[in-house]
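Beneath this line is the structure, given in structure tokens, with notes to follow.
Chains as they are written, first to last, in this note's numbering: chain A, 25 to 366; chain B, 66 to 340; chain C, 3 to 261.
Written as structure tokens, this is what we have:
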């Protein structure tokens with residue numbers, strides 16, 4: 025664990041009844057970081073987030089926040105904010121009262137509550153709506169109320185569950201900007217959960233990719249996008265041609281295939297994005313099965329001795345005919361080297 | 066929508082006329098009888114009825130028991146309904162089945178069981194004597210306590226079922242949201258759960274209250290002539306004293322209460338449909 | 003979290019309170035002793051057997067069955083057309099008719115029984131069994147209308163129009179197209195009506211005469227005379243009957259959708 029750890033999860037195991045959702049998870053997050061938990065549904069990302077909020081007591085392990093062990097601290101005493109995927113606004117209270125809810129429980133003086141709520145609503149651009157009920161707002165507005173409601177509590181960590189998934193494309197961009205602004209202005213440590221790699225890549229400082237209740241890879245968006253370390257991560261971020269490597273050779277159905285160039289001994293697999301595949305020259309031969317045009321590029325599906333290969337070429341080049349045989353190469357120096365293949 | 070009015074009336078009128086003749090007319094005449102005194106309209110039946118201390122006692126007892134059963138069933142109902150909605154779907158279905166089950170059993174049978182439990186040689190007395198808490202059998206039957214327990218058992222399922230549907234209609238995550246914002250469980254209940262399930266509480270409460278108010282079997286079996294309630298009093302007035310005027314007064318009270326409750330429920334239903 | 007520890011205990015106690023007495027009745031009815039007691043003194047089926055030999059139980063059971071089956075059937079004969087008119091037609095005074103038809107659920111039964119006794123049975127010398135039959139029919143009517151209406155409202159109304167366009171008469175459209183689709187709703191209404199009528203006490207309280215009594219009333223008066231376990235045995239048998247009917251209905255009809 026680094027010294028700078030502001031929030032750390034140590035050997036965290038989470039279970040619902042007998043079903044283990046997360047096992048022995050270790051993670052440390054620095055103050056002011058914007059971290060994404062990325063993974064398919066059921067990978068344990070939301071469960072982990074709920075346990076940080078105190079909504080789920082860990083079966084074992086510890087959670088530390090700002091130097092204190094909060095593993096057994098109940099949810100109402102944690103100074104952790106959570107913006108729910110459903111927003112979870114209280115329908116019987118006005119927008120103002122929703123934002124004031126936590127402040128009133130803190131028994132702050134009325135004038136202070138008034139000024140904090142007003143400032144909070146102003147910062148998300150909803151001052152005009154303070155007397156409305158949540159049911160009269162659009163989804164995007166409701167989410168901003170939920171964000172303000174959490175932020176006026178000045179939490180040490182702000183958690184967001186799928187903050188962009190319920191929004192349409194335009195609102196999504198708006199909310200993304202909003203979250204970055206809030207983070208920049210307040211310096212709050214933020215963790216958000218998403219199943220969308222695009223969201224994670226565009227918003228986070230650091231991405232934690234999760235699978236089956238464990239961390240698969242932690243890294244910057246560049247690391248994750250360019251240097252996936254496992255077959256799962258490579259697949260998740262869009263590497264379409266993924267092969268196992270055994271004894272320095274590509275392991276494919278028809279037997280091992282020699283590679284040009286040498287590989288570090290811990291290489292378990294190699295992966296190429298379609299645009300990394302060289303078409304027109306190289307040691308392999310393939311038949312064009314299908315092609316699709318997407319404006320700036322053309323994508324081809326090749327039948328090859330290695331199996332199906334997806335390749336991409338600039339659309340300015342002449343289209344290759346379906347049924348024709350072409351040479352291609354999988355350049356080892358461009359490939360992502362996978363340390364885990366399973 | 067079909068437009069033919071004659072056809073519509075031909076289909077609907079037999080049922081309406083039947084209900085009007087068999088139900089409405091006799092009941093209206095019975096109620097009117099309570100406002101007649103020797104060929105003129107009068108409230109004398111009501112003043113006479115309420116001047117009898119026994120009648121007043123029964124009247125107040127009926128309301129008191131009704132309110133107590135409603136209040137206690139609300140408290141137990143919340144705890145039970147909250148526990149049930151948090152179960153896995155499969156277990157939830159089974160639990161709801163167990164709550165509905167007693168509603169299908171004859172209330173004579175359900176009430177009768179309490180004689181075995183609360184009687185002089187019943188389970189409760191046996192247990193009390195076994196642990197030495199009492200030497201003599203304690204009288205539970207024919208007390209208000211027995212009637213209270215019987216009514217609670219009879220009507221609790223209605224409260225639990227109303228509250229289950231109210232809790233299930235609460236917005237998802239409202240409770241964890243309140244927790245994360247700093248509310249303890251007490252505050253979660255009074256600031257979030259209660260205001261959001263108010264309607265279900267009123268519906269369940271109305272069903273339980275009118276049910277208790279108009280109960281006959283439970284006070285008859287567990288209260289006897291010692292703990293009369295309005296319906297058992299009505300029965301007694303008619304069979305023992307042939308006093309149809311008192312019966313009409315009691316009938317009027319019961320009907321007014323039932324209608325008021327029904328109106329309230331209808332209001333709530335329309336208010337909910339509008340939203 | 004606190005509720006996690008608390009909940010199973012609450013459920014155990016509440017379900018115990020609701021269902022427990024039923025098991026006690028079953029146990030008490032299997033007693034070998036002469037009086038009602040729990041724990042039962044020895045095991046015997048003699049009280050269960052006795053139920054079937056008590057003459058008045060047999061007679062009142064027959065009457066209750068007759069009322070429950072006949073009354074419910076009559077309520078459906080009146081209720082199905084009324085529900086159809088209420089859900090498919092622009093019915094004049096629709097709300098008034100709906101209220102009148104659902105009155106029997108609102109007015110406490112004991113009052114109805116008394117009113118029928120005083121203004122129909124006594125002055126006109128009306129037959130008690132027939133009066134009971136009318137009362138039970140009216141009592142079940144609201145349930146019949148409610149359940150059948152729910153079932154009709156779940157059925158698209160354009161299928162009758164389609165049938166008429168294809169050359170069917172209005173009545174023909176109802177019997178050919180509507181009835182087959184609300185059959186399970188009608189069956190559910192029948193079961194609900196049967197159980198309600200069979201277990202009904204207050205309406206029948208004043209409507210009893212020599213040799214004419216419904217079963218629950220007969221049980222109440224038997225209880226006043228003796229505390230032997232035969233009433234417990236009968237209660238248990240009736241409970242099993244109700245549970246069995248409802249269980250089968252739920253199994254094959256999804257009964258709870260209609261109730």
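All residues carry an ideal CB built from backbone N, CA and C; glycine is no exception.
Residue interval of the beta strand (DSSP E) (run including residue i)
i	result
residue 247/A	Counting along the chain, residue 247/A falls outside any beta strand (DSSP E), though it belongs to the alpha helix (DSSP H) covering 245-250.
residue 43/A	43-54
residue 334/A	331-338
residue 309/A	302-317
residue 32/A	29-40
residue 321/A	321-328
residue 85/A	84-89
CB of residue i within 8 angstroms of CB of residue j, strictly
i	j	result
residue 98/B	residue 112/C	no
residue 252/A	residue 92/A	no
residue 66/C	residue 217/C	yes
residue 316/B	residue 96/B	yes
residue 165/A	residue 153/A	yes
residue 46/A	residue 63/A	no
residue 87/B	residue 137/C	yes
residue 185/A	residue 233/A	no
Cutoff 6 angstroms; reference residue i; Cβ partners in own chain excluding five residues on either side
i	result
residue 257/B	239, 243
residue 126/A	177
Start-to-end residues for the alpha helix (DSSP H) that takes in residue i
i	result
residue 349/A	Where residue 349/A is concerned, there is no enclosing alpha helix (DSSP H), although the beta strand (DSSP E) it sits in stretches over 349-353.
residue 198/A	193-210
residue 101/A	From DSSP, residue 101/A is part of no alpha helix (DSSP H); its letter is neither H nor E.
residue 174/A	163-175
residue 143/B	118-150
residue 235/B	Per DSSP, residue 235/B belongs to no alpha helix (DSSP H) and is neither H nor E.
residue 357/A	No alpha helix (DSSP H) contains residue 357/A, which DSSP labels as neither H nor E.
residue 154/B	154-169
Same chain, Cβ closer than 8 angstroms to residue i, five either side skipped, listed in chain order
i	result
residue 3/C	Reliability of the predicted coordinates at residue 3/C is poor, the pLDDT of 44 falling under 50, and no value is obtained from them.
residue 12/C	none
Coarse secondary structure for residue i, derived from DSSP in three states
i	result
residue 271/A	coil
residue 114/C	helix
residue 14/C	helix
residue 129/C	coil
residue 265/A	strand
residue 294/B	coil
residue 79/B	helix
residue 301/B	helix
residue 3/C	With a pLDDT of 44 at residue 3/C, under the threshold of 50, the modelled position of this residue cannot be trusted; read the value that follows with caution. Looking at residue 3/C - three-state DSSP - the assignment turns out to be coil, as it is neither helix nor strand.
residue 229/C	coil
residue 344/A	coil
residue 93/A	strand
residue 25/A	Low confidence applies here, because residue 25/A scores a pLDDT of 41, under 50, leaving its location unreliable and the question unanswered by this model.
residue 281/B	coil
residue 227/B	helix
residue 240/A	strand
Contact test: residue i Cβ vs the ligand ATP heavy atom, cutoff 7 angstroms
i	result
residue 300/B	The model depicted lacks the ligand ATP and carries no ligand whatsoever.
Close beta carbons around residue i, own chain, < 7 angstroms, minus the five adjacent residues each side
i	result
residue 215/B	176, 179, 283, 287
residue 104/B	none
residue 24/C	241
residue 229/C	37, 38
residue 173/B	282
residue 26/A	Low confidence applies to residue 26/A: its pLDDT is 45, below 50, so where it sits in the model is not reliable, and the reading given next is rough at best. Around residue 26/A: 52.
residue 58/C	220
Rounded Cβ spacing between residue i and residue j (contact assumed at less than 8 angstroms)
i	j	result
residue 244/A	residue 53/A	Rounded, the Cβ-Cβ distance is 14 angstroms, inconsistent with contact.
residue 341/A	residue 301/A	About 14 angstroms; that fails the 8 angstroms criterion.
residue 237/C	residue 219/C	No, residue 237/C and residue 219/C are not in contact; Cβ-Cβ is about 14 angstroms, not under 8 angstroms.
residue 110/B	residue 120/B	So it is not a contact: roughly 11 angstroms between Cβ atoms.
residue 129/A	residue 246/B	7 angstroms
residue 47/C	residue 32/C	7 angstroms
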